[in-house]
Amino acid sequence: MNRVRIVIVGAGFAGYQAARTLSRTLRDEAEIVLVNHNDYFLYLPLLPQVAAAVLEPRRVSISLIQTLPGVRLVLGEVDSVDLDARRINWTDPEGRRGRMEYDRLVLSVGSVNKLLPIPGVAEHAHGFRGMPEALYLRDHMIRQLELAGAADDPAERAARRTFVVVGAGYTGTEVAAHGVLLTDALARRNAALRGAPPPRWLLIDIADRVLPELDRRLSDTADRVLTKRGVEIRTGTSVKEATKDGVLLDTGEFIATRSLIWCVGVRPDPLVDDLGLPTERGRLCVDPYLAVPGHPEALACGDAAAVPDLTRPGQFTPMTAQHAQRQGKVAGRNLAATLGYGTRRPYKHHDLGFTVDLGGVQGAANPLHVPLSGPVANLVTRGYHLMAMPGNRVRVATDWLIDAVLPPQGVQLGMVRSWAVPLDTEAPERVRMPHTAPDGR
Numbered sequence: 017m018n019r020v021r022i023v024i025v026g027a028g029f030a031g032y033q034a035a036r037t038l039s040r041t042l043r044d045e046a047e048i049v050l051v052n053h054n055d056y057f058l059y060l061p062l063l064p065q066v067a068a069a070v071l072e073p074r075r076v077s078i079s080l081i082q083t084l085p086g087v088r089l090v091l092g093e094v095d096s097v098d099l100d101a102r103r104i105n106w107t108d109p110e111g112r113r114g115r116m117e118y119d120r121l122v123l124s125v126g127s128v129n130k131l132l133p134i135p136g137v138a139e140h141a142h143g144f145r146g147m148p149e150a151l152y153l154r155d156h157m158i159r160q161l162e163l164a165g166a167a168d169d170p171a172e173r174a175a176r177r178t179f180v181v182v183g184a185g186y187t188g189t190e191v192a193a194h195g196v197l198l199t200d201a202l203a204r205r206n207a208a209l210r211g212a213p214p215p216r217w218l219l220i221d222i223a224d225r226v227l228p229e230l231d232r233r234l235s236d237t238a239d240r241v242l243t244k245r246g247v248e249i250r251t252g253t254s255v256k257e258a259t260k261d262g263v264l265l266d267t268g269e270f271i272a273t274r275s276l277i278w279c280v281g282v283r284p285d286p287l288v289d290d291l292g293l294p295t296e297r298g299r300l301c302v303d304p305y306l307a308v309p310g311h312p313e314a315l316a317c318g319d320a321a322a323v324p325d326l327t328r329p330g331q332f333t334p335m336t337a338q339h340a341q342r343q344g345k346v347a348g349r350n351l352a353a354t355l356g357y358g359t360r361r362p363y364k365h366h367d368l369g370f371t372v373d374l375g376g377v378q379g380a381a382n383p384l385h386v387p388l389s390g391p392v393a394n395l396v397t398r399g400y401h402l403m404a405m406p407g408n409r410v411r412v413a414t415d416w417l418i419d420a421v422l423p424p425q426g427v428q429l430g431m432v433r434s435w436a437v438p439l440d441t442e443a444p445e446r447v448r449m450p451h452t453a454p455d456g457r
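Mind the numbering: the sequence shown is residues 17 to 457 in my numbering, read in order.
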């Protein structure tokens, strides 16, 4: 008798937790297949620290094979799902096509960079959703300071020392907070930049404050820390146009820069639109049990699913790691229940608060809605991340200790080129291959 085959598409927070829950609940009673671009789960909240040379890339990359025993990994990008035929199709890293039938399905394809119809942004900005983008930004910041030190033209030197982050949400705020610490440290050690003004950082958002989606007290703490470090915060402002020489703001001001970092938010993976089912702002509509209407064998969770928020009737759960992680567990349990293991339960979760690592010893947090700031908030934030990570905890803690006592390593490896991480990619987890580069190189 053939075992039931469960296919999980995507290994983000939701997909990883679904696979982990199913493997522990069903053990050898079902074939569990996880289809993902890479062989690791990316702990996305710590990615800004990778870009800022605080953490090494493998620290936030959790091996799927080592931490999900009993789960079969298939490396590939799923490009179509046939819900009626119960079949998925994918392309593997070497371009080969594959297909697979399933008995049960978990769709957890996640999200990609959100694009806005602003001239020049797609060509000159870079997002921050995957490891390739973090590694590119890390090299890029170091490279710009080195090129600034070698430049004779004062205007070019100033432009290369200027970094613009668009989007003052969770990601953009942490990128700016960690980035300014890195560039300041590198500039102080560069003989050609001694005596020059420190690198200039701008954080831009159309909202009226930093971290607009979080508690006001977290916003005020982040604003205070960033301002003290010299970051120019431009709220109520947006980008009107981007060029290779800089960005034009809607205020009419032109900022000369070679660094436009796009952190305006995310949108569900385009695969959701291809299903032809009802969506809510691009997210697949599901019931409180995470089941896809009309297809009880299929569940969806994470950023790709519009999950009814039972704590706020009439609304949907936000696209956060906190919800995705817990939805993945519920999806695993509910799917196991369809096979006779346990009982289905609706997804219901009250936010437990948020944490923001502002670099150094600074942080902002409200665990259980108790406002904290400074070193205490930083300690709580890092403690939370260590508990939430499914692996690599000792390595991450070791890197934090090293960063506290030693200066950052200002070395660019040049392994990720600008054209390899386009903003408009539907797969920020993968580097664009050389044969698809615009200039053919």
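For every residue, glycine included, the Cβ atom is placed at its ideal position computed from N, Cα and C. Predicted, not measured: the structure shown is a model, and the values here were computed from it.
Inset, instruction - Tell me whether Ile134 sits in a helix, a strand or coil according to DSSP, three-state version. - result: coil
Legend entry - For Trp278, the residue or residues it bridges with in DSSP: Paired residue(s): Val182.
Inset, instruction - Rank Leu439, Arg448 and Ala193 by C-alpha distance to the C-alpha of Val137 and give the top, closest one. - result: Here the closest residue by C-alpha is Leu439.
Inset, instruction - Please confirm whether Thr253 and Leu227 have their CB atoms less than 8 Å apart. - result: no
Inset, instruction - Identify whether Ala101 lies in helix, strand or coil by the three-state DSSP scheme. - result: Ala101 falls in the coil class under three-state DSSP.
Inset, instruction - For the stretch 87-103 and the stretch 258-266, state whether three or more C-beta atom pairs, one from each stretch, are separated by less than 8 Å. - result: no
Inset, instruction - Let me know the secondary structure DSSP gives Val302 once reduced to three states. - result: coil
Inset, instruction - Compare the beta carbon distance of Val122 and Gly31 with 8 Å and say whether it is the shorter of the two. - result: yes
Legend entry - Residues that Glu47 bridges to, as DSSP identifies them: According to DSSP, which records beta bridges pairwise, Glu47 is partnered with Arg21.
Legend entry - Stretch-stretch touch, CB-based, cutoff 8 Å, three pairs: the stretch 223-239 with the stretch 404-420: no
Inset, instruction - Tell me whether Arg205 sits in a helix, a strand or coil according to DSSP, three-state version. - result: helix
Inset, instruction - Determine the direct distance from the alpha carbon of Val308 to that of Ala352, and round the result to whole angstroms. - result: For the pair Ala352 and Val308, the Cα-to-Cα distance works out to about 16 Å.
Inset, instruction - Return the CA-CA distance between Val288 and Leu89, expressed in angstroms with no decimal places. - result: 22 Å
Legend entry - According to DSSP, residues forming a beta bridge with Pro284: Looking at the DSSP assignment, Pro284 forms a beta bridge with Ser127.
Inset, instruction - Flag this pair as yes or no: are the beta carbons of Gln378 and Gly369 separated by less than 8 Å? - result: Going by C-beta atoms, Gln378 is not nearer than 8 Å to Gly369.
Inset, instruction - Starting from the Cα of His366, find the closest Cα among Gly407, Pro324 and Leu395 and give me that residue. - result: Nearest option by C-alpha distance: Pro324.
Legend entry - Three-state secondary structure assigned by DSSP to Ser29: Looking at the sequence itself, residue 29 is Phe, so the reference to Ser does not match. Helix at Phe29.
Legend entry - Whole-number beta carbon distance between His142 and Leu153, since they are thought to touch under 8 Å: 7 Å
Legend entry - Pair within 8 Å by beta-carbon distance, Glu257 and Gly185: No. Outside cutoff.
Inset, instruction - Using a threshold of 8 Å, state whether the C-beta atoms of Arg177 and Leu198 are closer than that. - result: no
Legend entry - Three-way DSSP call (helix, strand, coil) for Glu110 in this model: coil
Inset, instruction - For Ala167, I'd like the list of residues in its chain whose CB is within less than 7 Å of its CB, leaving aside the five on either flank, ordered along the chain. - result: Excluding the 5 residues flanking it on each side, Ala167 has same chain C-beta neighbours closer than 7 Å at Arg173 and Arg176, in chain order.
Inset, instruction - Using DSSP bridges, identify the partner residues of Met116. - result: Note: Met116 sits in a beta bridge opposite Ile104.
Inset, instruction - Please name the residue or residues paired with Leu218 in a DSSP beta bridge. - result: Beta-bridge pairing by DSSP links Leu218 to Val180 and Glu248.
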